[in-house]
Amino acid sequence: MDTSTLPPLVLHYIFDPLCGWCYAAAPLVKAARSVPGLAVQWHAGGMLTGAHTRTITADWREHVMASDQRIAEMTSQPFGDAYFNGLLNDIGAPLDSEPPTTALLAAEALAGKGLEMLSAQQQAHYVDGKRISEPAVLRALAQDLGLDADAYDQAYAAQSGAATQQHIAESRQWLGMVQGQGFPTLALEFNHPEQPGQRAVQRIDIGPWLGDVEGWKQQLAEWAEQVAGLEQQADAEAAPACGPDGCELPQR
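In short: position in the sequence shown from 1, add 661, done, that's our numbering.
This is how it looks when you write it as structure tokens:
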């Protein structure tokens, strides 16, 4: 792998737009994007796709409401009445992760706004009670983000089907590689401290930081500083030793 163009520290975020605990992690992901020296790379894992797509039922409502109430208590993430008493009572409403994932890819391809689209989808689903598995709803969200409607339609068509399914497959490969058990899973990637030219990946347990955005941001900043320090140390060790008579080539 060519690591020359990768930032020193990358936070990989593996999620699904219809995952309640991914909504719980949303403030942490937003905070991570403001940490200097850190890049966020997202991977949508297709939780409710293929044979796993479903519709809202009374059992589903009961299942997710218990989880959502716990999320609200832990993180203060808002859940709207239009969601609890609207969407979750909309028996038969589709729950399919593929259309919103395609919309994420389209927004990223158009304007690098994949994570902004994710935030808009989560707001639409969990607060406004909208059906984010329906392309018309996703198109309206794209327009709200300032994306040109015609350009979005073209990008959505280009990312539909095989492109979205490939992204989901690659996201699941990432999930397996970091030994994640589900969504959300977060992992840090950085230059291996003992193997030049190689990257290391380490999964993070975000449980302690749910509801503690400032603590999470401080921890990320510390990790970014540590990685930057290792980079500087490696550069110094690789630099030629110079004296009055010239410079020695670094030994390999």
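By construction, the Cβ of each residue, glycine as well, lies at the ideal position given by its N, Cα and C atoms.
Because the structure is a prediction, the values reported are computed rather than measured.
Taking the CB atoms as reference points, tell me whether residue i and residue j lie closer together than 7 Å.
| i | j | result |
| --- | --- | --- |
| Ala770 | Tyr813 | no |
| Val690 | Glu850 | no |
| Val701 | Ala882 | no |
| Leu836 | Ile865 | no |
| Asp789 | Ala743 | yes |
| Trp692 | Thr736 | Before going on, a small fix: residue 692 reads as Ala here, not Trp. For Ala692 and Thr736, no; Cβs fall outside 7 Å. |
| Ile732 | Gly807 | no |
| Val874 | Pro739 | no |
| Ala781 | Leu802 | yes |
Using the three-state DSSP reduction, which class does residue i fall into: helix, strand or coil?
| i | result |
| --- | --- |
| Leu776 | helix |
| Pro688 | helix |
| Arg919 | Outside the shown range of the chain (662 to 913) lies residue 919, about which nothing can therefore be said. |
| Leu808 | coil |
| His853 | coil |
| Pro697 | coil |
| Ile793 | coil |
| Val798 | helix |
| Ala830 | helix |
| Pro755 | strand |
Residue i to residue j, Cα distance in whole Å?
| i | j | result |
| --- | --- | --- |
| Pro668 | Leu748 | 41 Å |
| Asp677 | Gly706 | 6 Å |
| Ala818 | Lys774 | 17 Å |
Grab me the residues of residue i's own chain with a C-beta within less than 8 Å of its C-beta, minus the 5 sequence neighbours each way, in chain order.
| i | result |
| --- | --- |
| Pro760 | Ile793, Ser794, Glu795, Pro796 and Leu799 |
| Thr664 | With a pLDDT of only 41 at Thr664, under 50, the local geometry of the prediction cannot be trusted, and the value read off the model is given with reservation. Once the five neighbours on either side are set aside, the close Cβ partners of Thr664 are Asn852, Gly858, Gln859 and Arg860. |
Keeping to the same chain, check which residues put their C-beta closer than 7 Å to that of residue i; ignore five residues upstream and five downstream.
| i | result |
| --- | --- |
| Gly876 | Trp870 |
| Leu756 | Leu679, Leu709, Thr714, Arg715, Thr716, Ile717 and Ser794 |
| Ile675 | His704, Gly706, Ser832, Trp835, Leu836, Gly841, Phe844, Pro845 and Thr846 |
Excluding sequence positions up to five away, which residues of its chain have a Cβ less than 6 Å from the Cβ of residue i?
| i | result |
| --- | --- |
| Ala816 | Ala767, Ala770 and Leu771 |
| Ala810 | Gln804 |
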